[in-house]
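These notes are about the structure you will find just below.
Residue numbers (our numbering): 65 to 267.
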């Protein structure tokens, strides 16, 4: 799975910075004047407050560390990144252990090209195979093989323990419930339902 470079992880996103001083903004150039209002920044940016800043940085740091932790655990125990394990889990839960590639991309929240690359790697390991869809010449199914299912059975206990130690053992039941509610609200807001929405699995 693609992971951010060290320099990218250490670079503070724009939303993590305090508002620039007026002297740091510089005089507008001709291209600035001709840019759309939003791009020119005619409206004052809604800078994060101190508490919002702390919350955002806590989320960024925790999510980056958690993904790295789970990747290292799965690479050590099963020789695969977290993304590949998640694909095997989804296939194991599907009827007949098979899913359309388009549906697998949607449920995994990844681009179709990234899914195709991951499935190709899993095929080479003998854990997944692909079949053409009989009713759609352009469609394909991803199918979990017996070998892939055995790897999943062997790997799942250690992975679940890693998740418990990293997250659930550190939270009270009330905090766990709040975390779930918060993440669902954020996810729902990032998945607009209108046609033509720019979502990873549609790219």
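Quick reminder that beta carbons are idealized off the backbone N, C-alpha and C, glycines included.
| task | Tell me whether residue 247 sits in a helix, a strand or coil according to DSSP, three-state version. | result | helix
| query | What residue does the beta strand (DSSP E) around residue 195 start on, and which one ends it? | reply | 192 to 197
| query | Are the stretch 208 to 221 and the stretch 123 to 135 touching, with three or more C-beta to C-beta distances below 8 Å? | reply | no
| query | Can you tell me whether DSSP reads residue 200 as helix, strand or coil? | reply | strand
| field | Member of 180, 201, 209 whose CA lies at the smallest distance from the CA of residue 162 | value | 209
| said: My output table needs one value for residue 206: the three-state DSSP class, helix, strand or coil. | reply: strand
| alpha helix (DSSP H) segment containing residue 165, residue limits | 165 to 172
| Beta carbon of residue 142 nearer than 7 Å to that of residue 219 | yes
| So, using beta-carbon positions, are residue 206 and residue 165 closer together than 7 Å? | yes
| Proximity of residue 155 and residue 169 at Cβ, strictly below 7 Å | no
| request: May I ask you to report which of helix, strand or coil DSSP gives residue 234? | output: helix
| What is the DSSP secondary structure of residue 188, reduced to helix, strand or coil? | helix
| task | Starting from residue 259, follow the alpha helix (DSSP H) in both directions and report where the run begins and ends. | result | Per DSSP, residue 259 belongs to no alpha helix (DSSP H) and is neither H nor E.
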